[in-house]
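Residue numbers (UniProt numbering): 1 to 177.
To keep things clear, I will list the structure first and then write my remarks on it.
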């Protein structure tokens with residue numbers, strides 16, 4: 001499989017408040033590259049978000065804004081590319097929120113959510129949170145809610161599902177946006 005696993009962390013509840021982003025690039029079912037960046041949002045941090053991911057305003061003081069980061073990651077979002085995330089509606093919402101905030105045209109791509117695919121294919125779990133699925137599958141999740149660790153975990157979940165169940169059931173879960 002060829003895909004890009006995406007993960008955002010946000011400064012607050014606003015969808016355009018991305019404060020970090022990570023991409024894990026997979027080609028021929030192998031992780032081949034990564035991208036990680038802090039992002040300086042144009043909004044304030046909420047204490048609860050800081051508590052979750054540990055990123056403070058001071059950490060992003062010299063970081064680029066999303067529009068600048070987009071220039072680096074835009075080539076990854078080509079037409080018909082497969083973008084994967086654990087809880088895809090959240091990460092897609094943050095991407096769209098940031099693009100809309102900076103008045104950047106939204107790209108079209110295919111999506112697959114590893115929460116939904118793991119729910120469908122690994123039914124014996126009590127829940128399908130990222131750490132629960134990783135623990136069950138023996139996938140390392142070093143620092144949950146660090147965007148790069150989460151994108152790597154999501155990529156590895158999909159690679160496990162591909163190896164265990166094949167691509168046919170996964171293809172049926174791909175959506176186009």
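The beta-carbon is built from N, C-alpha and C at its ideal position, and this holds for glycine as well.
Rounded to whole angstroms, the gap between the alpha carbons of residue 35 and residue 126 is 32 Å. In this structure residue 47 is exposed. Its beta-carbon is surrounded by fewer than 16 other beta-carbon atoms within 10 angstroms. When the beta-carbon positions are compared, residue 159 and residue 26 come within less than 8 Å of each other. Rounded to whole angstroms, the separation of the alpha carbons of residue 140 and residue 89 is 23 Å.
In the DSSP annotation of this structure, the continuous segment of the alpha helix (DSSP H) that includes residue 98 starts and ends at 88 to 101.
Secondary structure note for residue 116: its alpha helix (DSSP H) is the uninterrupted segment 114 to 121. Between residue 55 and residue 82, the C-beta spacing is not below 8 Å.
The residues 139, in chain order, have a CB closer than 6 Å to that of residue 156 in the same chain once the five nearest residues on each side in sequence are set aside. In this structure, DSSP gives residue 53 a helical state, which the three-state scheme calls helix. For residue 71, the uninterrupted alpha helix (DSSP H) run begins and ends at 66 to 73, by DSSP. Of the residues assessed, residue 24 falls on the buried side of the cut-off, its CB having 16 or more other CB atoms within 10 angstroms.
For the pair residue 18 and residue 113, the CB atoms are not nearer than the 8 Å cut-off.
Here DSSP, grouped into helix, strand and coil, assigns residue 43 to coil. Under the three-state reduction of DSSP output, residue 167 falls in the coil class, being neither helix nor strand. With contacts defined as CB atoms closer than 8 Å, residue 43 and residue 63 fail to qualify as a contacting pair.
DSSP places residue 26 in the strand class (E or B) of the three-state scheme. In the three-state DSSP reduction, residue 157 falls in the helix class (H, G or I).
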